[in-house]
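J.: Going letter by letter, the sequence shown gives residues 0 to 212 in numbering that gives the first Met the number 0.
Structure in structure tokens, see below.
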Amino acid sequence: MTKFIITKLLILAVFWVNTQLFAQDDITAQEVIQNVQNAYKDITDAKASFSQTIKFNKSKAQSSSGTLYIKKENKYRIETGSNTIVTDGSTSWSYTPSKKQVVIDHYKETGNTFSPNKYLFQYPENFYSDLTGTEKLSGKDVYVLSLKPRESGYVKSAKLWVGKDDWIIKKIYIVTDESSSTYSIKNIQTNIGVANSKFTFSPPEGTEVIDMR
Numbered sequence: 000m001t002k003f004i005i006t007k008l009l010i011l012a013v014f015w016v017n018t019q020l021f022a023q024d025d026i027t028a029q030e031v032i033q034n035v036q037n038a039y040k041d042i043t044d045a046k047a048s049f050s051q052t053i054k055f056n057k058s059k060a061q062s063s064s065g066t067l068y069i070k071k072e073n074k075y076r077i078e079t080g081s082n083t084i085v086t087d088g089s090t091s092w093s094y095t096p097s098k099k100q101v102v103i104d105h106y107k108e109t110g111n112t113f114s115p116n117k118y119l120f121q122y123p124e125n126f127y128s129d130l131t132g133t134e135k136l137s138g139k140d141v142y143v144l145s146l147k148p149r150e151s152g153y154v155k156s157a158k159l160w161v162g163k164d165d166w167i168i169k170k171i172y173i174v175t176d177e178s179s180s181t182y183s184i185k186n187i188q189t190n191i192g193v194a195n196s197k198f199t200f201s202p203p204e205g206t207e208v209i210d211m212r
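See the structure below:
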């Protein structure tokens, strides 16, 4: 979990929404969600830069940044200076260069899994959503949505910042029992034809391989 909470990170597809009218823009949370869903519907793959800040209970915040590649069917690759996490939807690799070590396991989709695809291609199910206002983010107008789970689970609450001009999610804030995490997504490129080879991993020579399968 400490390796990369973004792997359990980033959005969108079928709904449950408890909406409120946001009078200033005359738009509801449900309408924002529908627009986001439409924006992501035709996206098959994407590349983006990101930054994240994670604070575990009673510990200092940890910050990192890197590059994210995603493709539908649970494929993603996350690269930072300290770690690379890759999955092709069936096998996952977690590589730590400083340790010269890679851990290989089956990809597991559980209630606690918080993968980029789950949050960049589908909204979390069983959450209520409220449109709480608008803000400026990197000079752009965004809608702010607050999410609350219908039932208790791994995620206790979340907030999403959605671009007014393109309906793309720009920022995510998540609270769990163990931590609070903020993810900012920038320089998003969609449908660029990310090769499937991006979602497999061959460890460099001399790497210790720990196979958990």
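Each residue gets a CB set at the ideal place from its N, CA and C atoms; glycine is no exception.
Quick check on the burial criterion: 16 or more other C-beta atoms within 10 angstroms. Buried or exposed for Gln188?
T.: When all chains shown are included, Gln188 counts as exposed.
J.: When you compare the segment 43–53 with the segment 61–72, are there three or more beta-carbon pairs, one atom per stretch, that lie closer than 8 Å?
T.: The segment 43–53 is in contact with the segment 61–72.
J.: Give the single residue among Lys59, Thr83, Lys40 whose Cα lies nearest to the Cα of Pro202.
T.: Considering only alpha carbons, the answer is Thr83.
J.: Is the beta carbon of Leu144 closer than 8 Å to that of Leu130?
T.: Yes, Cβ-Cβ distance for Leu130 and Leu144 is below 8 Å.
J.: With a CB to CB cut of under 8 Å and the five nearest residues on each side skipped, what residues in its chain are close to Val141?
T.: So the qualifying residues of the chain are Thr133, Glu134, Lys135, Trp160, Val161, Gly162, Lys163, Lys169, Lys170.
J.: Provide the residue span of the beta strand (DSSP E) that contains Lys158, from first to last.
T.: Where Lys158 is concerned, the enclosing beta strand (DSSP E) stretches over 154–162.
J.: Between Val208 and the rest of its own chain, which residues show a CB-CB distance below 7 Å, the 5 nearest in sequence each way excluded?
T.: Once the five neighbours on either side are set aside, the close Cβ partners of Val208 are Val101, Ile103, Pro202.
J.: Give the DSSP-derived three-state secondary structure of Pro96 in the structure shown.
T.: The answer is helix: DSSP assigns Pro96 an H, G or I state.
J.: Going by CA-CA distance only, name the one from Lys139, Ser58, Pro96, Thr86 that's closest to Ser180.
T.: The shortest Cα separation from Ser180 among Lys139, Ser58, Pro96, Thr86 belongs to Ser58.
J.: Excluding the 5 residues flanking Met211 on each side, which residues of the same chain have their C-beta closer than 6 Å to its C-beta?
T.: Same-chain partners within the cutoff: Asp104.
J.: Rounded to whole angstroms, what's the CA-CA distance from Lys139 to Trp166? Just pull it up for me.
T.: In a straight line, the C-alpha of Lys139 is about 12 Å away from that of Trp166.
J.: Pick out whichever of Thr206, Val193, Val174 has its Cα sitting closest to the Cα of Thr43.
T.: The residue with the shortest Cα to Cα distance from Thr43 is Val193.
J.: Hey, would you say Ile217 sits closer than 8 Å to Ser178, going by beta carbons?
T.: Residue 217 lies beyond the residue range present for the chain, which begins at 0 and ends at 212; the question has no answer from this structure.
J.: In terms of alpha-carbon separation, which member of Asn190, Thr206, Phe198, Glu204 lies closest to Ser91?
T.: Here the closest residue by C-alpha is Phe198.
J.: Give me the DSSP bridge partner(s) of Tyr68.
T.: Partner(s): Lys46, Arg76.
J.: Is it right to say Val174 is buried, meaning 16 or more other beta carbons lie within 10 angstroms of its own, or is it exposed?
T.: Burial call: exposed.
J.: Are there any heavy atoms of the ligand NAD lying less than 7 Å away from the beta-carbon of Asn190, as far as the coordinates show?
T.: The ligand content of the structure shown is nil, which means the ligand NAD is not present either.
J.: Leaving out the 5 sequence neighbours to the left and right, which residues in its chain are closer than 7 Å to Gly88 when beta-carbon positions are compared?
T.: Same-chain partners within the cutoff: Glu72, Asn73, Lys74, Tyr106.
J.: Helix, strand or coil for Tyr223, going by three-state DSSP, please let me know.
T.: Look at the range of the chain in this structure, 0 to 212, and you will see that residue 223 is not part of it.
J.: Have a look at Ile26 and Thr95 and give me their C-alpha separation to the nearest angstrom.
T.: One C-alpha to the other measures close to 45 Å.
J.: Could you please give the first and the last residue of the uninterrupted beta strand (DSSP E) stretch that includes Lys170?
T.: Here the beta strand (DSSP E) through Lys170 covers 168–175.
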